[in-house]
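Working notes for the structure below.
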Amino acid sequence: MTTITCLSEARDFVQQISREPDQRIVALTGAGISTESGIPDFRSPGGIWTKRQPVQYQDFVSFEESRLEDWDRRFEMLEFFRKAVPNAAHLALASLGRSGQLETLITQNVDGLHQLAGFPQERLIEIHGNSTYANCLSCGKRAELEDQRKHVDAGRSPVCRHCGGLLKAAVVSFGQQMEEADLVRAAEAAQTCDLFLVLGSSLVVHPAAQLPAIAVQSGAELVILNGEETPLDSMASTVIRTPLAQTFSGFLQEIAQNP
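Going by the working numbering, the first residue of the sequence shown is number 1082, and it counts up by one from there.
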């Protein structure tokens, strides 16, 4: 395993990726890719999830008080999401996605920054959902979060205007089952890639943390770009410790110069 801590070496390494267009890439992103865009890691010390107990899915569907608590924290998180813009790492992945080289992007993030960066929706798997809008738990219709604020401020949890079902931010809550189709699609992508990239994930949250191992067991090369050690570092050919946005700062210029 090679460990890179020098920023110039890290930049050279990631720029090499664009020079191998036949390589089939799958990427997994975590909170670390968005912290440089101003979105805190909500699980880290001092984050929302350490100050307020998470609302379990069964409590959300059963109790009005729990629903209002969940909505309150969604609005708190939304303030961070509104101010954030995609950084160089988001933009680099979007470029690789549009070119087809990055076949699938699996994200643990719920901030919507990959979409804002222009990553193709059909290649994106939001394994933990998306916290920038809501879905009806009954009919599945989408609803915008800001439209629900007046209801929450009045002490009522929002309901769907189409069917009257409960509205909930489109994230996978604690105790809520993940979409089986997304899990299958992510595992299949890991099994068929040549290179599996991990960007900004601690690889401790399952089942996403299993995907790099699936890729390696299927013959792929694993490269981990994360500021701290992960449980799967020993499986990687290269580990990069430099800040992601700075690491990819010259990536798009490299692509423009070598189309």
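Even for Gly, the Cβ is constructed at its ideal location relative to N, Cα and C. Note that the structure is predicted; figures quoted are calculated from it, not measured.
Supposed close pair residue i, residue j - CB separation, criterion 8 Å
i     : j     : result
I1208 : M1259 : 7 Å
A1280 : E1302 : Reading the sequence as shown, one finds Leu at residue 1280 and not Ala. Actually they do not touch by this definition, with Cβ atoms about 15 Å apart.
P1351 : L1306 : In this structure the chain extends from 1082 to 1340, so residue 1351 is not present and cannot be described.
L1186 : H1195 : 6 Å
Y1214 : A1175 : Not a contact, Cβ separation roughly 20 Å.
Sequence-distant residues of its chain with Cβ nearer than 8 Å to residue i (five each side left out)
i     : result
Q1137 : S1147, S1254, F1255 and G1256
D1314 : M1082, I1305 and V1320
A1296 : V1107, A1271, Q1272, C1274, F1277 and L1303
V1233 : L1149, W1152, D1153, F1156 and P1239
Beta-bridge pairing of residue i - partner residues as DSSP gives them
i     : result
L1109 : I1187 and V1279
I1085 : I1321
C1217 : L1248
V1240 : L1247
A1101 : A small fix is needed here, since residue 1101 is Glu in this sequence, not Ala. According to DSSP, E1101 bridges with nothing at all.
G1210 : V1252
Min CB distance residue i to chain B below 8 Å
i     : result
N1190 : Of the protein chains in the structure, only one exists, and it is not chain B.
Neighbourhood of residue i by C-beta, 7 Å cutoff - its chain only, sequence neighbours within 5 removed
i     : result
E1145 : S1238
A1317 : M1082, L1303, V1304 and I1305
Neighbourhood of residue i by C-beta distance below 6 Å, restricted to the same chain and skipping five residues each side
i     : result
Q1104 : D1275 and L1276
- Could I get the ranges of all uninterrupted alpha helix (DSSP H) runs contained in the region 1124-1207, with 4 residues as the minimum, in chain order? If we require 4 residues or more, the alpha helix (DSSP H) runs fully inside the region 1124-1207 come out as 1129-1132, 1138-1143, 1145-1164, 1169-1180 and 1194-1197.
- Run through the region 1252-1321 for me and flag every whole beta strand (DSSP E) of 3 or more residues, listed as ranges in chain order. Every beta strand (DSSP E) of 3 residues or more that sits fully in the region 1252-1321 is shown, in chain order, as 1276-1280, 1302-1306 and 1319-1321.
- Query: Taking three-plus beta-carbon pairs below 8 Å as touching, is the region 1189-1199 in contact with the region 1219-1236?
  - Reply: Verdict: no, contact absent.
- Task: Examine the Cβ distances between the region 1215-1222 and the region 1102-1113 and report whether three or more of them are shorter than 8 Å.
- Result: Contact fails: fewer than three Cβ-Cβ distances are below 8 Å.
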